[in-house]
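So the structure is just underneath, and the comments pick up after that.
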Amino acid sequence: DNYYKKTTITVLRKQGETRGTVIFAQLKADVNRDSVSRRSLLRQKMLATVQKSAEGIQEYAERHRTLFAQLGNIDDTLNEPEKVEAFLKGLTPGFSGLKEALYTSQFTSGRALTLNETVNFMMTMEEKRTLGTMTAPPQV
Numbered sequence: 002d003n004y005y006k007k008t009t010i011t012v013l014r015k016q017g018e019t020r021g022t023v024i025f026a027q028l029k030a031d032v033n034r035d036s037v038s039r040r041s042l043l044r045q046k047m048l049a050t051v052q053k054s055a056e057g058i059q060e061y062a063e064r065h066r067t068l069f070a071q072l073g074n075i076d077d078t079l080n081e082p083e084k085v086e087a088f089l090k091g092l093t094p095g096f097s098g099l100k101e102a103l104y105t106s107q108f109t110s111g112r113a114l115t116l117n118e119t120v121n122f123m124m125t126m127e128e129k130r131t132l133g134t135m136t137a138p139p140q141v
């Protein structure tokens with residue numbers, strides 16, 4: 002990364018340091034420090050991500066998956082239940098009944114769904130809603 006070449010490595014070389022082990026140790030410390038800050042910011046963003054009013058489940062899930070991938074690179078504590086919870090938390094209020102059904106199903110079965118299973122379930126329900134409104138007879 003050019004950032005560390007311009008900062009960490011340049012500073013060490015100006016100090017006359019040429020030993021690879023010392024340079025690597027400092028690079029590792031700097032990257033870890035930056036990763037902690039980035040992890041915190043990404044976790045905050047993950048919890049603040051909400052579904053936009055006209056956004057479908059698939060697009061919303063993709064935004065979460067992008068964040069999860071970024072977080073997964075620097076945070077090995079991120080687990081599947083946290084991903085599912087963040088995803089469900091940000092759904093629009095129109096999905097509240099489905100969220101409750103999902104929580105009840107998980108509780109009674111004793112099995113937590115993965116993010117992919119949760120997204121697939123919500124996409125199926127979204128499709129059923131769309132088909133239901135398209136095929137519903139007009140109100141008289």
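Under my numbering, think of the first position of the sequence shown as 2, with each following residue one higher. Every residue gets a Cβ at the ideal spot worked out from N, C-alpha and C, and that includes glycine.
Item                                                                                                      : Value
Same chain, Cβ closer than 8 Å to Thr8, neighbours up to 5 away in sequence not counted                   : Asp31
Buried versus exposed call for Thr115 [16 or more other C-beta atoms within 10 Å across all chains shown] : exposed
Element boundaries [alpha helix (DSSP H), containing Phe69]                                               : Ile58 to Ile75
Leu89 to Leu99 span [Cα, whole Å]                                                                         : 10 Å
The segment 56-68 touching the segment 106-126, judged by at least three CB pairs closer than 8 Å         : yes
Helix, strand or coil at Val37 [DSSP, three-state]                                                        : helix
Assigned secondary structure, Arg130 (DSSP; H/G/I helix, E/B strand, else coil)                           : helix
Cα-Cα separation, Met126 to Ile75                                                                         : 33 Å
Contact set for Phe96: own chain, Cβ-Cβ below 6 Å, skip 5 residues either direction                       : none
Residue burial classification, Phe25 (beta-carbon count within 10 angstroms, cutoff 16)                   : exposed
With 16 other Cβ atoms within 10 Å as the buried cut-off, status of Thr72                                 : This sequence places Leu at residue 72; Thr is not what is there. Buried, since its Cβ has 16 or more Cβ neighbours within 10 Å.
Contact belief for Tyr5 with Leu28 at Cβ below 8 Å, rounded distance in angstroms                         : 6 Å
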